[in-house]
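Trainee:
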Amino acid sequence: GLDDIRPYNYILKKRIDIYATERVQEALKREFQYIFADVKYHGLPQIDLHTIANENFKIGETQITPFEVMHYKLPILGYRIGDFTYITDAKTISEESLEKIKGTKVLVLNALQKESHISHLTFSEAIEMAEKIGAETTYFTHISHNLGLHEQVSKELPANIKLAYDGLSFELD
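Take the sequence shown: its letters are residues 2 to 174, numbered as in the numbering used here.
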């Protein structure tokens, strides 16, 4: 959670920038009131909020393309950064958003479980969505322990789709 950024403040010796919609910022301020209170104390997460919307923005020289996906009835944002696209907590993705994703080379996509879920893509829905998007490589994230063992589940996936895991890293051009 938001409290977990404190070690990064300590290690980096700086505040952490958070880019979020107004709706998300309001929720953060409501749920983590102590971070935003006038009275500050040692050990609080040190953050700077930056307001974004569903339109392109830059962080330094890096262009970020947000796009809306639906987490049941809640609109959230996925992000495309060059040839990399990140989507989690999605159940549906509109054709308009799919257009923004078209041509991505690396996709990270949620695939919660095999059983139907109201607000997340299931394993089979995620495979279908990944194939529709057509990235060279897709990594499934936000996966439940109920999905099965990594080695067994991996055998059920097309060659270009893999299960993500803690500590996974990959190179982007």
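The C-beta atom is built at its ideal place from N, Cα and C for all residues, glycine as well.
Here the structure is a predicted model, which means the values were calculated and not measured.
What does DSSP give as the partner residue(s) for Gly-79 in the beta ladder?
Mentor: BP columns for Gly-79 point to Phe-68.
Trainee: So what does DSSP say about Leu-164, is it helix, strand or coil?
Mentor: Reduced to three states, the DSSP call for Leu-164 is strand.
Trainee: Specify the secondary structure class of Ile-17 as computed by DSSP and reduced to three states.
Mentor: Here Ile-17 sits in strand by DSSP.
Trainee: Where does Phe-85 sit, in a helix, a strand or coil, going by DSSP?
Mentor: It is a strand residue.
Trainee: For Phe-58, name the three-state secondary structure that DSSP assigns.
Mentor: Looking at Phe-58 - three-state DSSP - the assignment turns out to be strand.
Trainee: What number of angstroms, rounded off, separates the C-alpha of Asp-176 from the C-alpha of Ser-120?
Mentor: With the chain covering only 2 through 174, there is no way to say anything about residue 176.
Trainee: What residues in its chain sit with their C-beta under 8 Å from that of Arg-16, if we drop five residues either side in the sequence?
Mentor: Correct list, in chain order: Asn-10, Gln-47, Ile-48, Asp-49.
Trainee: Considering only residues of the segment 72-151, which uninterrupted beta strand (DSSP E) runs meet the minimum length of 3 residues and lie entirely inside it, listed in chain order?
Mentor: Runs of the beta strand (DSSP E) inside the segment 72-151: 75-82, 85-88, 107-111, 138-142.
Trainee: Suppose the cutoff is 8 Å on Cβ atoms and the five residues either side in sequence are ignored; what does the same chain contact list for His-72 look like?
Mentor: For His-72, where only same-chain residues beyond five positions count, the Cβ hits under 8 Å are Asp-90, Ala-91, Lys-92, Ser-120, His-121.
Trainee: Check the DSSP bridge columns for His-51 and list the partner residues they point to.
Mentor: His-51 pairs with Tyr-20.
Trainee: Label Leu-148 either buried or exposed according to how many other C-beta atoms from any shown protein chain fall within 10 Å of its C-beta, with 16 as the threshold for buried.
Mentor: Flag for Leu-148 reads buried.
Trainee: Specify whether the segment 130-138 and the segment 148-163 touch according to this definition: at least 3 beta carbon pairs, one from each stretch, less than 8 Å apart.
Mentor: These segments touch.
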